[in-house]
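J.: Going by my numbering, the first residue of the sequence shown is number 59, and it counts up by one from there.
All C-beta atoms in this analysis are idealised placements derived from N, C-alpha and C, irrespective of residue type, glycine included.
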Amino acid sequence: MAAAAQTTSPADAQKSRETAAREKEKEKANAIQIGQQQEEARWQPVLGLPCDLTVELPLPNFTVADFLGMRPGSVLSTNWRLAHDIPLRINGTLIAWAEFEGAGRRMAVRLTDLA
């Protein structure tokens with residue numbers, strides 16, 4: 059008994075390749091999602107720990123006399139240019155750079171780059 063030869067049309071072959079490619083993309087997306095979930099689970103125990111976020115604005119040539127002369131409403135001048143980003147630190151470690159921004163009647167910082 060001779061085996062029947064199985065033939066596929068070019069259109070069927072293309073559909074088969076497209077289906078395989080979609081399945082491969084789904085598997086890749088699932089693997090990425092699983093990896094992200096594992097990463098989030100790894101960080102879960104420390105997410106609630108407190109930390110100090112510091113926005114640093116250097117005031118060169120600031121003296122003790124300047125400090126002692128400070129009163130509510132005092133304006134401190136700096137040579138820091140508006141176009142320069144300011145460092146953000148968590149517990150003393152540089153983590154990012156930011157810029158000052160007005161947010162209504164409040165001062166805010168906008169994250170511009172990670173360190």
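Quick one: what does DSSP say residue 130 is sitting in, helix, strand or coil?
T.: Counting from 1 along the sequence shown, the entry for residue 130 is found at position 72. DSSP places residue 130 in coil when its eight states are reduced to three.
J.: Pull the bridge partners of residue 70 from the DSSP assignment, please.
T.: Position 12 of the sequence shown holds residue 70. Under DSSP, residue 70 shares a beta bridge with no residue.
J.: Starting from the Cα of residue 153, find the closest Cα among 83, 172, 119 and give me that residue.
T.: Residue numbering aside, residue 153 sits at position 95 when the sequence shown is read from its first letter. Closest option to residue 153, Cα to Cα, is 172.
J.: Is the beta carbon of residue 155 less than 7 Å from the beta carbon of residue 136?
T.: In the sequence shown, residue 155 corresponds to position 97, counting from 1. In the sequence shown, residue 136 corresponds to position 78, counting from 1. For residue 155 and residue 136, no; Cβs fall outside 7 Å.
J.: Can you give the beta carbon distance from residue 117 to residue 105, rounded, assuming they're within the 8 Å contact cut?
T.: Position 59 of the sequence shown, counted from the first residue, corresponds to residue 117. Position 47 of the sequence shown, counted from the first residue, corresponds to residue 105. With 8 Å as the limit, residue 117 and residue 105 do not qualify as a contact, their Cβ atoms being about 34 Å apart.
J.: According to DSSP, residue 169 sits in a beta bridge with which residue or residues?
T.: Here residue 169 refers to the residue found at position 111 of the sequence shown. Looking at the DSSP assignment, residue 169 forms a beta bridge with 156.
J.: What's the C-alpha gap between residue 131 and residue 161?
T.: For this step, residue 131 is matched to residue 73 along the sequence shown. For this step, residue 161 is matched to residue 103 along the sequence shown. If you take the alpha carbons of residue 131 and residue 161, they lie about 19 Å apart.
J.: I'd like the list of long-range same chain contacts for residue 221, defined as Cβ closer than 8 Å, with 5 residues on each side in sequence excluded.
T.: Here the chain comprises residues numbered 59 to 173, so residue 221 is not present and cannot be evaluated.
J.: How many angstroms separate the CA atom of residue 115 from the CA atom of residue 91?
T.: Within the sequence shown, numbered from 1, the residue matching residue 115 stands at position 57. Within the sequence shown, numbered from 1, the residue matching residue 91 stands at position 33. Distance between the alpha carbons of residue 115 and residue 91 is about 39 Å.
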